[in-house]
Each structure stands twice: as C-alpha cells, then as structure tokens.
Amino acid sequence: MASVFWDAEGIIMVEYLEKGATITGSYYADQIRRLREAIKQKRRGKLRAGVLFHQDNAPSHKAAVAMAAIQETTCECNQLTNEPFSQYALRIETFLSQLFSSSGSSIRKDAVRTKQSTMAMLSLYEANVQMFMDVGKKSRAWKKISEGLKDLCIPVKVLNIINAEDDPPSEKNLPLVDESPKPKTTPVADVTKTARNQQQIQSMEIIDKVQENQKASDENMTRYLKMKEKEMELKKKAIDVRETEMQVKRDVASEKLKFNEKKHKDWLNIEKFTCELLKKLLKSHTDSEESD
1 MASVFWDAEG IIMVEYLEKG ATITGSYYAD QIRRLREAIK QKRRGKLRAG
51 VLFHQDNAPS HKAAVAMAAI QETTCECNQL TNEPFSQYAL RIETFLSQLF
101 SSSGSSIRKD AVRTKQSTMA MLSLYEANVQ MFMDVGKKSR AWKKISEGLK
151 DLCIPVKVLN IINAEDDPPS EKNLPLVDES PKPKTTPVAD VTKTARNQQQ
201 IQSMEIIDKV QENQKASDEN MTRYLKMKEK EMELKKKAID VRETEMQVKR
251 DVASEKLKFN EKKHKDWLNI EKFTCELLKK LLKSHTDSEE SD
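Just so we're aligned: 89 in the UniProt record's numbering is position 89 of the sequence shown, and the numbers increase by one with no gaps anywhere.
What follows is the structure, given as structure tokens:
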C-alpha cells in the first residue's frame with residue numbers, strides 16, 4: 001500500500017507499506033516525523049509559517065502517539081470525518097467497482113495488491129493529476145487512466161458517467177462502452193519507472209548534499225589548520241625576537257658592569273699612587289728639616 005502526502009505544490013513524500021504489514025499508531029507517528037524532514041527539504045520555510053495537516057478519522061490517525069507526533073511537527077491537524085458520498089463521488093465509486101468486478105481475480109490481485117502495480121498506478125496518477133483540476137477535461141483524464149490500465153493488461157469497461165448530470169446513476173444513463181484490451185509489449189517496469197526513479201533521484205540528491213556539506217566542512221577545516229599553522233609560526237618568530245632582545249640586554253648589562261669595575265679599579269690605582277706621592281713628599285720634607 002502506498003501512503004502519499006501532498007500539498008498544493010505537488011507530492012511531498014511517498015512511502016510503501018510492506019505486504020502483510022498494517023499501519024498502527026506508532027508506525028503512523030514515525031511516518032509523520034519522516035514527513036517533517038521531507039517538508040524541511042522540499043518546502044523550506046513552510047514549517048516556520050505553520051502547516052495545516054488534513055487526515056481522516058482512521059483509528060491509527062486518531063491514536064494518541066500519532067496526534068503527539070503531529071503536535072511535535074508544529075502542525076495544526078484538521079480531522080476529516082467520513083461523510084456520506086456526494087453524487088460525483090458515488091459515480092466514481094460505481095466506476096471503480098464496475099471496473100474491478102469485470103476484471104479477472106488473478107489480474108485484480110496483481111493490479112491492486114502488488115507493490116509494483118501500486119507504483120504503476122501512482123506514476124499514472126502523477127502523470128495525469130493536473131487533468132483532474134479542470135472539470136471540462138475529466139473524460140480525457142479517465143481516458144488516460146484507461147490507457148494506463150491497458151498497459152497493465154487489465155481489461156477495462158468504461159462507464160460513460162463522468163459527463164452525466166448530477167442525478168443518481170441508473171441503468172438508463174450508464175451505457176457501457178466496451179473497450180477490449182490490446183496486448184502491449186511494454187513491461188510494467190517501464191510504467192513504474194517514474195515513481196522508482198523519483199525516489200532514487202531524491203536519494204541521490206540527499207547523498208550529493210551530504211557530500212557537498214562534508215566537502216565544505218573539510219575545506220573549512222583545512223583553512224582553519226593553515227591559519228593555526230601560520231599563527232604558530234608567528235608566535236615562534238615573536239618568541240625568537242624576544243629571546244634575541246633579552247640576550248642583547250644581558251650582553252649590554254655585562255659590558256656595562258665590566259666597564260664600571262674597570263673604572264673603579266683605575267680610580268683606586270690613582271688614589272693609591274697619589275697617596276704614595278704624598279708619603280714621599282712628606283718624607284723628603286722631614287729629611288730636609290732634620291738636615292737644617
């Protein structure tokens with residue numbers, strides 16, 4: 001089974017349920033969280049502006065864990081009740097019931113219950129969804145769907161009720177137009193190519209973004225390391241200059257100390273020589289007085 005989430009701009013996320021599995025409240029809650037990430041990537045700014053989430057009142061949708069997940073995604077939930085079908089919806093329901101009741105059981109099983117055929121119907125819907133927006137082109141849209149079902153080798157009996165008036169359907173205004181199936185050589189894989197490729201493209205885009213972010217992060221880290229290396233080199237040069245300056249100051253102080261020591265020694269020698277001269281002078285004067 002395919003779960004499709006869309007808005008006015010188109011399809012946002014498509015997920016496929018494995019055969020035999022059921023949608024529970026916890027599964028639906030995880031699905032809502034994955035939808036939030038898809039909205040972040042494909043509808044930037046929409047979560048900040050607010051999202052109005054429409055869903056029906058299925059038990060899994062009304063579960064407490066699912067409603068909590070919707071509140072976590074900052075979505076306002078609009079619970080739709082299952083109201084009685086309108087006349088137009090009744091005509092569509094009659095068309096689908098006639099379509100599949102006229103098909104063989106094995107073909108109907110292949111068309112409805114296999115994942116491949118579900119993806120094929122989804123691709124067919126994506127290709128023709130815009131045609132449903134114009135009321136005057138409904139017959140063309142159903143013609144396209146009929147052709148797509150033929151590609152799946154499903155015999156189709158088209159009910160001419162789309163362009164009928166709004167009165168309830170009856171045997172008089174529902175003429176059957178028998179369209180015998182024409183065998184096609186195109187495999188179902190070609191029909192499902194759009195949906196499968198779309199998922200692959202989305203995955204590749206995510207991988208490319210991750211690689212680009214990693215590359216940008218590596219470049220930033222390389223630039224940061226280069227800046228740190230330059231900073232360390234400048235600090236090393238500053239330390240070398242400071243050590244050279246300190247060595248010069250030590251040499252100047254040492255030379256100054258040596259100069260002062262030499263100056264002090266010279267002064268002491270001069271004083272000593274002066275004292276000796278005075279002694280000699282006094283001695284000569286004393287000797288001269290004694291001789292007189």
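Glycine included, every Cβ here is placed at the ideal spot set by N, Cα and C.
Bear in mind that the values here come from a model prediction, so they are computed numbers and not experimental data.
Proximity winner among the options, relative to residue i (alpha-carbon distances)
i: isoleucine 32; options: Ile23, Asn57, Ile70, Trp6; result: Ile70
i: histidine 54; options: Glu276, Lys279, Ser203, Val4; result: Val4
i: histidine 61; options: Gln41, Lys46, Tyr27; result: Tyr27
i: residue 306; options: Asp7, Asn57, Arg34, Gly20; result: The first residue shown for the chain is 1 and the last is 292, placing residue 306 beyond what the model contains.
i: glutamate 9; options: Arg44, Ala21, Ala2; result: Arg44
i: lysine 42; options: Glu15, Glu255, Glu205, Lys256; result: Glu205
Residues that residue i bridges to, as DSSP identifies them
i: aspartate 7; result: Gly10
i: glutamate 147; result: Paired residue(s): none; glutamate 147 is not in a bridge.
i: tyrosine 16; result: Ala2
Integer-rounded CB distance, given that residue j should sit under 8 Å from residue i
i: methionine 13; j: alanine 29; result: In fact, because the Cβ distance is near 15 Å, the residues do not count as touching under 8 Å.
i: valine 65; j: glycine 25; result: 5 Å
i: phenylalanine 17; j: isoleucine 11; result: Residue identity check: residue 17 is leucine in the sequence provided, not phenylalanine. In fact, because the Cβ distance is near 17 Å, the residues do not count as touching under 8 Å.
i: arginine 48; j: threonine 73; result: Actually they do not touch by this definition, with Cβ atoms about 12 Å apart.
* If you scan the segment 218-290 from start to end, which runs of the alpha helix (DSSP H) of 4 or more residues do you find wholly inside it? -> none
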